[in-house]
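Numbering (this note's numbering), first residue to last: 4 to 337.
In structure tokens:
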């Protein structure tokens, strides 16, 4: 007799769906891949066939020049895979196009979340709670110390600092996929409608978001602006550019960074960040534990971060759980 869930096998380089011989978010090239979202620790080029949402496939084409073998699946659409496996893509709320993947085989249901968050985000579809037998969850911020503040509070801090000294600009470091667009959209939601200036590395992803209907307002490249034009303005750049020579062209910038890791003061000091903004595209501790309780799976498999803390929480609440040992999934500038 086959053991329960023997058809899905965590391996160091990804999750193997054995009857279909396909992999979820593999860190190496495979013949068939199911991809949850476009961040580089989950997506890569070179697969024979890549199944993902249309938005994720567009992101992968932009970032990794992948086009051949792309197989789009919209939210709610079920793909029939070899070996009698069904795969359904469900919103994850992480970034544009991000999806949980529901796998069904032999009467058993497994969800692989990829990365997710539960907070509202104007740039992507919200996370949907879906019941399953096994819930494979991330744990990037899987410690009780991580409790993200309301984003309105952090955007308010940014706008207050901008108004404090109109002769300076505020330079916001934000991950190029997801975080940058969310910060811009939240600024618009807060009533900030001035031109927002971009580092050149941010432009193509912002335009892709706009092509999928995300309104980011007036954007302009820093390279197309005079120095005095940038006074009293917000500039968005990759985190790596905060201390780069590129930033010297800006008018006495206030250095800010939008990341869940800004909760850790030492990380802010290491990056010489004057204005830390605790803005994350991952679930915090409360969201992780609430999601497990709401999904109420028979067992949780925990990966991508602080597995031990979330594993202990499950044990204390009489929930079956195990930690996975996957490679190639690193902390981003979340």
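Cβ atoms here follow ideal geometry from the backbone N, Cα and C, with glycine treated the same way.
Note that the structure is a prediction, hence the values are computed from the model and not measured.
Cβ distance (whole Å) where residue i is taken to contact residue j below 8 Å
i           : j           : result
residue 174 : residue 253 : 6 Å
residue 241 : residue 202 : 6 Å
residue 146 : residue 288 : 6 Å
residue 117 : residue 28  : 6 Å
Environment of residue i [buried if 16+ CB atoms lie within 10 Å]
i           : result
residue 4   : Here the model assigns residue 4 a pLDDT of 45, short of 50, so the residue's position is not dependable, and the following value carries that caveat. Exposed, because fewer than 16 other Cβ atoms sit within 10 Å of the Cβ of residue 4.
residue 320 : exposed
residue 21  : exposed
residue 79  : exposed
residue 30  : buried
residue 312 : buried
residue 170 : exposed
Short Cβ contact (8 Å threshold) for residue i with residue j
i           : j           : result
residue 338 : residue 108 : Residue 338 is absent from the structure shown; the chain starts at 4 and stops at 337.
residue 338 : residue 39  : Outside the modelled stretch of the chain, which goes from 4 to 337, sits residue 338, for which no answer is possible.
residue 48  : residue 35  : no
residue 32  : residue 50  : yes
residue 120 : residue 282 : no
residue 62  : residue 41  : yes
residue 3   : residue 143 : The first residue shown for the chain is 4 and the last is 337, placing residue 3 beyond what the model contains.
residue 300 : residue 135 : yes
residue 158 : residue 239 : no
residue 355 : residue 245 : The chain is shown from 4 up to 337; residue 355 falls before or after that span and cannot be answered.
residue 23  : residue 54  : no
residue 113 : residue 137 : yes
residue 115 : residue 103 : yes
residue 133 : residue 93  : yes
residue 327 : residue 164 : no
Residue i versus residue j: straight-line alpha-carbon distance, rounded
i           : j           : result
residue 236 : residue 296 : 43 Å
residue 224 : residue 205 : 9 Å
residue 196 : residue 155 : 16 Å
residue 293 : residue 249 : 42 Å
residue 263 : residue 153 : 12 Å
residue 126 : residue 65  : 18 Å
Residue-level contact to chain B via CB, residue i, 8 Å cutoff
i           : result
residue 181 : The question asks about chain B, but that chain is absent: this structure has only one protein chain.
* Asked: In chain order, which continuous runs of the alpha helix (DSSP H) of length 4 or greater are located wholly inside the region 37 to 81?
  -> Counting whole runs of 4 or more residues, the region 37 to 81 contains the alpha helix (DSSP H) stretches 57 to 67.
* Can you list, in chain order, the stretches of the beta strand (DSSP E) that have 3 or more residues and sit fully within the region 125 to 181? -> Here the runs fully enclosed are 137 to 142 and 173 to 176.
* To do: Could I get the ranges of all uninterrupted alpha helix (DSSP H) runs contained in the region 243 to 276, with 4 residues as the minimum, in chain order?
  => The qualifying runs are 268 to 273.
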